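Asker: Please find one structure pasted underneath; my questions will follow.
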Amino acid sequence: MSLYATRRSANSIATTLCWVAAIFGLAWLFVILVALLYEGVRGLSPAVFTEMTPPPGSAGGLLNAIAGSLVMTVIGVAIGTPLGMLAGTYMAEYGRNSKLTIVVRFINDILLSAPSIVVGLFVYTILVHPMGHFSAISGAVALALLVVPVVVRTTEDMLLLVPGSMREAASALGAPRAHVVGKVAYRAAKAGLVTGVLLAVARVSGETAPLLFTALNNQFWSTDLAAPMASLPVVIFQFALSPYKDWQQLAWTGALLITIAVLALSITARTLSAGRRKSK
Amino acid sequence: MLSIEPGRRSANGAGGEADSDMSEIVLQQASQSSVTADRSRALGRMALVDGIFREATRAAAVIVLVILGGVIISLVHGSLPAVRAFGFGFLVSQSWNPVTENFGALPAIYGTIMTSVIAMLIAVPVGLGIAIFLTELCPYVLRRPIGTAIELLAGIPSIIYGIWGLFVLAPFLQTHVQPALIAAFGDIPVFSTLFAGPPYGIGLLTAGFILAIMVLPFVASISRDVFETVPPVLKEAASGIGCTTWEVMRYVVMPYTRVGVIGGVMLGLGRALGETMAVTFVIGNAHKISGSLLAPGTTISATIANEFTEAVGDLYTSALIELGLILFVITFIVLAIARYMLMRIEQKSA
Numbered sequence: 000m001s002l003y004a005t006r007r008s009a010n011s012i013a014t015t016l017c018w019v020a021a022i023f024g025l026a027w028l029f030v031i032l033v034a035l036l037y038e039g040v041r042g043l044s045p046a047v048f049t050e051m052t053p054p055p056g057s058a059g060g061l062l063n064a065i066a067g068s069l070v071m072t073v074i075g076v077a078i079g080t081p082l083g084m085l086a087g088t089y090m091a092e093y094g095r096n097s098k099l100t101i102v103v104r105f106i107n108d109i110l111l112s113a114p115s116i117v118v119g120l121f122v123y124t125i126l127v128h129p130m131g132h133f134s135a136i137s138g139a140v141a142l143a144l145l146v147v148p149v150v151v152r153t154t155e156d157m158l159l160l161v162p163g164s165m166r167e168a169a170s171a172l173g174a175p176r177a178h179v180v181g182k183v184a185y186r187a188a189k190a191g192l193v194t195g196v197l198l199a200v201a202r203v204s205g206e207t208a209p210l211l212f213t214a215l216n217n218q219f220w221s222t223d224l225a226a227p228m229a230s231l232p233v234v235i236f237q238f239a240l241s242p243y244k245d246w247q248q249l250a251w252t253g254a255l256l257i258t259i260a261v262l263a264l265s266i267t268a269r270t271l272s273a274g275r276r277k278s279k
Numbered sequence: 000m001l002s003i004e005p006g007r008r009s010a011n012g013a014g015g016e017a018d019s020d021m022s023e024i025v026l027q028q029a030s031q032s033s034v035t036a037d038r039s040r041a042l043g044r045m046a047l048v049d050g051i052f053r054e055a056t057r058a059a060a061v062i063v064l065v066i067l068g069g070v071i072i073s074l075v076h077g078s079l080p081a082v083r084a085f086g087f088g089f090l091v092s093q094s095w096n097p098v099t100e101n102f103g104a105l106p107a108i109y110g111t112i113m114t115s116v117i118a119m120l121i122a123v124p125v126g127l128g129i130a131i132f133l134t135e136l137c138p139y140v141l142r143r144p145i146g147t148a149i150e151l152l153a154g155i156p157s158i159i160y161g162i163w164g165l166f167v168l169a170p171f172l173q174t175h176v177q178p179a180l181i182a183a184f185g186d187i188p189v190f191s192t193l194f195a196g197p198p199y200g201i202g203l204l205t206a207g208f209i210l211a212i213m214v215l216p217f218v219a220s221i222s223r224d225v226f227e228t229v230p231p232v233l234k235e236a237a238s239g240i241g242c243t244t245w246e247v248m249r250y251v252v253m254p255y256t257r258v259g260v261i262g263g264v265m266l267g268l269g270r271a272l273g274e275t276m277a278v279t280f281v282i283g284n285a286h287k288i289s290g291s292l293l294a295p296g297t298t299i300s301a302t303i304a305n306e307f308t309e310a311v312g313d314l315y316t317s318a319l320i321e322l323g324l325i326l327f328v329i330t331f332i333v334l335a336i337a338r339y340m341l342m343r344i345e346q347k348s349a
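Residue numbers (numbering that gives the first Met the number 0), protein chains in the order written: chain A, 0 to 279; chain B, 0 to 349.
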């Protein structure tokens, strides 16, 4: 009887600890979101979206930073997506079991979680240093390098989910391989491919480290790709560490904007791929 | 028809279009059927597009490898001046003096490892607890929402954790937690050094704690995925002979998924080692090794983020790039082991 009692108490202790762990873990994440919402909403005003980043000690907005983030993210995704999709297509459609695919898959998975600051250093040495100055385009290239692994991974995964019988049916009608891939496999996996791009956008839109020494920062409005450009994460970094209350408030508001954008992107991506996931 | 052909050709010049017209007509003559000619031309075009597309995808796959190679080569190249100047001493020197251009990586390496260790000590038990909670204990209605919420939180940018750590967590730890730690461990031999005051708020412990909160969703969601690879029949069999929930987890699920869980933990460790922004806000950026976890320190990534744009002189820049190289090598090894282990559990479940 005592054996049963011991086992039962061991079980209740362990399950209680799991409950505690779950509540503890979720509570911290909840606390962060509440703090972010509370501090960020206080600073929300139309000025945030219409005025430039202010000099120290005065009020202003985040317009140039928001625009800079959008510009660099769009260029980064525009460079990274085709590359990632083609590579993912090779891995799923052409060289499914080839040595190259196995190696690329392994390396890609590592690049997926490699420290992004190292990517910043890499782009600094290949672009910023030879050009002699910081520029928005090198920031966009750094972001593109972070987009590639995400897109490669989702493209491969999503194409592998397309049933082989669809490809065989197309091939049996005499369609060449490029058509089978482009008109059958891509279409069948469309929602999944879009998901990958959305996830990539979500990933890079909050990235700070690779922009610190590629795009740098810019206090003013700039659309010149060869010049330094402001971005939301870098502005948050600079403003949060400053002693000025106005700047700190803008940093919180910027952080809230990024979080909302990232959450919206990830939720959209999940909704798009929800049906697919179920069928898997 | 054949007699017209040379004249047309000379009128058009020797362009590609004329050439294809020529071959078309030759083909038409050979087969006496324009349908066949169209078809063979279309087939030729398709074969060309097919080949181009195929080679483009292969090239893209190779480019992914080239990127990794490029990262390594550029970092090695960039760190050469520092390697020449300091040699292996760079790894064990504690000096960091931009004025005399004397640099050593030890404080940064120490800080990187210590913060990651603190993070994993907190995140692994809590993460596994959440995973067990989600697979075994949580009411069915809540499983999906909580699981989804955790996965969404894994995507929140690290700068958010950083700003929260700086403005909310660090002041809280400074006024409430750290004085208590200092008082509680003041008389116990080893711990009195680990928790020696004064309470700065920022420092290794705070940075480690933020990292723990950051990698928690990764560890939790990967462990949950791995736990779900266990065939239900194994768990049912164990429950059927009278095992308690905990015994099923401890003696069936955990042994079955050990490799995958370790892989997930290593993946989290890889993130923690390379994490930049969350740490930079709260580490204090002090290039010294202090026995106390409450003292400010620095990590490799925080050093690079804080100092790179202000680095004057090639040697300073090069020393920072060498730090980046060290970080890349460490995380590469950790992530490679993680991926290898996760691959093994995937093969097992397939």
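Ideal Cβ placement from N, Cα and C applies to all residues, glycine included. Given the structure is predicted, the values throughout are model-derived calculations rather than measurements.
Which residue or residues does DSSP assign as beta-bridge partners of B:N305?
Answerer: According to DSSP, B:N305 bridges with nothing at all.
Asker: Leaving out the 5 sequence neighbours to the left and right, which residues in its chain are closer than 8 Å to A:P280 when beta-carbon positions are compared?
Answerer: Outside the displayed range of chain A (0 to 279) lies residue 280 of chain A, so it cannot be described from this structure.
Asker: Near A:Q237, what residues of its chain come up, given a Cβ to Cβ distance below 7 Å and the 5 sequence neighbours on each side ignored?
Answerer: Excluding residues up to 5 positions away in sequence, N216 lie with their Cβ nearer than 7 Å to the Cβ of A:Q237 in the same chain.
Asker: Enumerated in chain order, which unbroken segments of the alpha helix (DSSP H) with a length of 4 residues or greater are wholly contained in the stretch 138-212 of chain B?
Answerer: 139-152, 157-163, 177-184, 188-193
Asker: Hey, does B:R343 have any beta-carbon neighbour from chain E nearer than 8 Å?
Answerer: Protein chains in the displayed structure are A and B, and chain E is not among them.
Asker: Taking one C-beta from the stretch 149-161 of chain A and one from the stretch 181-195 of chain A each time, how about it: are there three or more such pairs within less than 8 Å?
Answerer: yes
Asker: Taking C-beta pairs closer than 8 Å, name the residues in chain A that B:A335 reaches, listed in chain order.
Answerer: F105, I109
Asker: Which one or two residues does DSSP pair with B:N101 in a beta bridge?
Answerer: B:N96
Asker: Report the CB separation of A:A91 from A:L159 in whole angstroms; it is logged as a contact under 8 Å.
Answerer: 5 Å
Asker: Give the straight-line distance between the Cα atoms of A:S278 and B:E227, rounded to the nearest whole angstrom.
Answerer: Bear in mind that the predicted position of A:S278 carries a pLDDT of just 43, short of 50, making it unreliable; the figure below should be weighed with that in mind. Going by the C-alpha atoms only, they are around 17 Å apart.
Asker: Report the option in A:I106, A:D108, A:M84 whose CA atom is closest to the CA atom of A:P154.
Answerer: Reading off the sequence shown, one finds Thr at residue 154 of chain A, where the question assumed Pro. Of A:I106, A:D108, A:M84, the residue nearest in Cα terms is A:M84.
Asker: How many whole angstroms separate the CB atoms of A:L262 and B:L151, which I take to be in contact at a CB cut-off of 8 Å?
Answerer: 6 Å
Asker: State the CB to CB distance for the pair A:I235 and B:I158, rounded to an integer number of angstroms; the pair is presumed to be in contact (CB under 8 Å).
Answerer: A:I235 to B:I158, Cβ: 6 Å. Contact.
Asker: What is the residue span of the alpha helix (DSSP H) that B:E246 lies within?
Answerer: Per DSSP, the unbroken alpha helix (DSSP H) holding B:E246 starts and ends at 244-247.
Asker: What are the boundary residues of the alpha helix (DSSP H) that includes A:Y37?
Answerer: Segment 1-41, the alpha helix (DSSP H) holding A:Y37.
Asker: Which residue spans inside the stretch 269-343 of chain B form an unbroken alpha helix (DSSP H) run of at least 4?
Answerer: 276-281, 299-306
Asker: Once you ignore the five residues that flank A:M51 on each side, which residues in its own chain have a CB closer than 8 Å to its CB?
Answerer: G59, G60, L62, N63, Q218, F219, W220
Asker: Counting pairs of beta carbons, one from the stretch 220-231 of chain A and one from the stretch 66-81 of chain A, are three or more of them closer than 8 Å?
Answerer: yes
Asker: With a CB to CB cut of under 7 Å and the five nearest residues on each side skipped, what residues in its chain are close to B:N101?
Answerer: So the list reads S94, once near-sequence residues are dropped.
Asker: Taking 8 Å as the threshold (C-beta atoms), are B:L314 and B:A84 in contact?
Answerer: yes
Asker: Using 8 Å as the limit for Cβ to Cβ distance, is B:M276 near chain A?
Answerer: yes
Asker: So is B:M45 in contact with chain A if we call contact Cβ pairs under 8 Å?
Answerer: Interface residue, yes.
Asker: Please name the residue in A:V140, A:R166, A:A21 whose C-alpha comes closest to that of A:V118.
Answerer: A:V140
Asker: Should the stretch 275-282 of chain B be regarded as contacting the stretch 154-168 of chain B, the criterion being three or more beta carbon pairs within less than 8 Å?
Answerer: yes
Asker: Alpha helix (DSSP H) containing A:V103: first to last residue?
Answerer: Run containing A:V103: 98-112, per the alpha helix (DSSP H) assignment.
Asker: How would you write the range of the alpha helix (DSSP H) that A:P81 sits in, first residue to last?
Answerer: 62-88
Asker: Give the secondary structure of B:R57 by DSSP, where H, G and I count as helix, E and B as strand, and everything else as coil.
Answerer: helix
Asker: Does the beta-carbon of B:F327 have 16 or more other beta-carbons within 10 angstroms, so that it is buried, or is it exposed?
Answerer: buried
Asker: Shortest alpha-carbon distance to A:G46 belongs to which of A:I257, A:A214, A:L255, A:L249?
Answerer: It is Ala, not Gly, that sits at residue 46 of chain A in the sequence shown. Among A:I257, A:A214, A:L255, A:L249, the Cα nearest to that of A:A46 is on A:L249.
Asker: Within a Cβ cutoff of 6 Å, which residues of the same chain sit near B:A294, ignoring the five residues on either side of it in sequence?
Answerer: G202
Asker: Taking 8 Å as the threshold, find out whether the stretch 73-93 of chain B comes into contact with the stretch 159-179 of chain B through three or more Cβ pairs.
Answerer: Under the 8 Å Cβ criterion, the stretch 73-93 of chain B does not count as touching the stretch 159-179 of chain B, having fewer than three qualifying pairs.
Asker: Any beta-carbon of chain B closer than 8 Å to the one on A:A34?
Answerer: yes
Asker: In the DSSP assignment, find the alpha helix (DSSP H) that holds A:A208 and state where it starts and stops.
Answerer: 208-211
Asker: Give the straight-line distance between the Cα atoms of A:T267 and B:T147, rounded to the nearest whole angstrom.
Answerer: CA-to-CA, the gap between A:T267 and B:T147 works out to about 13 Å.
Asker: Taking 8 Å as the cut-off, decide whether the C-beta atoms of B:V218 and B:A122 are in contact.
Answerer: yes
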